[in-house]
DNA sequence: CGATAAATTGACCGGTTGGTAAAATATTAC
DNA sequence: GTAATATTTTACCAACCGGTCAATTTATCG
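Chains as they are written, first to last, in this note's numbering: chain A, -6 to 207; chain B, -6 to 207.
Okay, structure coming up:
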């Protein structure tokens, strides 16, 4: 009778499956229309079930949205978390850029879900931003600053560097329509590789300590 | 009786004023909640008038939105339009970055309005993207390519370069909440100048043709 | 099998939404 | 001033929205 975390201790197979299906559908709808623009009916339709049935698994529209954001946030920060203080700075930044770009390619809906949320003032996740997110960024900013002090990469503001990497990579997911419109047929295939090459060059040329050339 | 472009030929002073007030309020509301998330009542409230009164000046919610987007698009592209093929390449790009960043600072609502629209698939302005926008970008991509061929700036993909400038500069308007959350109290004042310095260095170090040092 | 709990449905509710109709009020033109 | 016109308001509507409820169907388990 009560679906979530009650009575039966262990979750049913059906529960598992249906909740997954709902979240999958909700990701489609929320990422396309934003929180207020999305309707439960739309999500239920996309998930192939009735609205009351959906609400049997998630008490409210907000609960679905919330679950989606929570799940995503951890994964979303994975690439930055992987930035290794002990690794080779140039290589670490190169990998970070590439991983972020891969996420834009492989999880564009998640990127847009997040973008929608931030754009509208992050009403549901402001705490996550000032909490875990800020903590992680602060930590990695220290790493980058250490690299700069050690003369391993060129001087720059670590925070703004991270913002630049975020914005340029996520742009390909969030502004996909615009990118497509501008590029037209050009590079239908190699688009990802083109972008990757461009960003790596942009950031690494900008950061490489100049070695006196001949 | 009929307000827009009918009978009376010339628009009333009141018409002029009220329409302006509505658009101002609508910009607030649309940029904060997106098209579907915004309500006419909200806009009417913010404009200090009743809903039917608002609908006397704009037939539909979409008409208000449409007008706002149309007005904005031209201005929005102004900085790119100003990119002068005959100017000094480095200086031209530096100015372009600065102008875009200034627009993010001075017109954040416009930026978010646009971001909301693109994020949700640009349902109202797809034609503008594949039309005027693409045309302009194509034209300026040629300019940049000519600079590269002439050896005045380093080799790079002009389209992706433009995307990078768009995304990094607009990030400060569109993701303002996140930027604030991460930076915290740091640089409450000099934020704009910090970002400007960072971006100029990033892009210009990345583009400058290396002059053999010493 | 039968019983018990889980899953699903259709009917419904109060509130909101975009938009309309018509009457009332203010403004302008003569 | 007065007639014509422009503006504003009040009352309203049909559709939609998030969510509830009670009843029904389906799956699970001994």
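Note that CB positions come from ideal geometry on N, CA and C, so glycine has one too. Since the model is a prediction, treat every value here as computed from it, not as a measurement.
Item                                                                                                                                                                               : Value
Along chain A, in chain order, which residues have C-beta atoms closer than 8 Å to that of residue 160 of chain B?                                                                 : 160, 161, 163, 164 and 168
Closer than 8 Å, CB to CB, is residue 112 of chain B near chain A or not?                                                                                                          : yes
From what residue to what residue does the alpha helix (DSSP H) around residue 28 of chain A run?                                                                                  : 6 to 30
Over what stretch of residues does the alpha helix (DSSP H) that includes residue 96 of chain A continue unbroken?                                                                 : 82 to 99
Is it right to say residue 157 of chain B is buried, meaning 16 or more other beta carbons lie within 10 angstroms of its own, or is it exposed?                                   : buried
Given that residue 89 of chain B touches chain A, what residues does it touch there, using C-beta distances under 9 Å?                                                             : By Cβ distance, chain A contributes nothing, its closest Cβ being about 15 Å from residue 89 of chain B, past 9 Å.
For residue 122 of chain B, go through chain A and note every residue whose CB falls closer than 9 Å to its CB, in chain order.                                                    : 170, 171, 173, 174 and 175
For residue 60 of chain A, which of A:13, A:39, A:128 and A:112 has the nearest alpha-carbon?                                                                                      : A:13
Compare the Cα-Cα distances from residue 98 of chain A to each of A:6, A:26, A:27 and A:161 and report the closest residue.                                                        : A:161
Quick check on residue 43 of chain A: does DSSP put it in helix, strand or coil?                                                                                                   : coil
Please check the pair residue 48 of chain B and residue 126 of chain B, which I expect to be a contact at CB under 8 Å, by giving their CB distance rounded to whole angstroms.    : Rounded, the Cβ-Cβ distance is 31 Å, inconsistent with contact.
My output table needs one value for residue 186 of chain B: the three-state DSSP class, helix, strand or coil.                                                                     : helix
Does DSSP classify residue 164 of chain B as helix, strand or coil?                                                                                                                : helix
Out of A:194, A:145, A:177 and A:159, point me to the one whose CA is closest to residue 147 of chain B's CA.                                                                      : A:194
Mark residue 109 of chain B as exposed unless 16 or more other C-beta atoms lie within 10 angstroms of its C-beta, in which case mark it buried.                                   : buried
Distance cutoff 8 Å, beta carbons only. Does residue 220 of chain B sit that close to anything in chain A?                                                                         : Examination of residue 220 of chain B is not possible in this model, given that chain B is present from -6 through 207 alone.
I'd like to know if residue 10 of chain B contacts chain A, where contact means its C-beta is closer than 8 Å to some C-beta of that chain.                                        : no
Under a three-way DSSP split, which group does residue 128 of chain A fall into?                                                                                                   : helix
Indicate whether the contact test is met: 3 or more Cβ pairs, each with one atom in the segment 178 to 191 of chain A and one in the segment 87 to 97 of chain A, closer than 8 Å. : yes
Measure from the C-beta of residue 57 of chain B to each C-beta in chain A and report whether the shortest distance is under 8 Å.                                                  : no
Looking at the ligand COA, does it come within less than 7 Å of residue 93 of chain A, judged from the CB to the closest heavy atom?                                               : Although the ligand COA was asked about, the structure shown includes no ligands whatsoever.
Is it buried or exposed for residue 55 of chain A, if we count other Cβ within 10 angstroms and need 16 for buried?                                                                : exposed
Which residues in chain A have a C-beta closer than 9 Å to the C-beta of residue 30 of chain B? List them in chain order.                                                          : 26, 27, 28, 29, 30 and 113
Anything in chain B within Cβ reach of residue 130 of chain A, meaning under 8 Å, just list it in chain order.                                                                     : 175
Which residues in chain B have a C-beta closer than 9 Å to the C-beta of residue 185 of chain A? List them in chain order.                                                         : Those do not exist, as residue 185 of chain A stays about 11 Å from chain B at its closest Cβ, beyond 9 Å.
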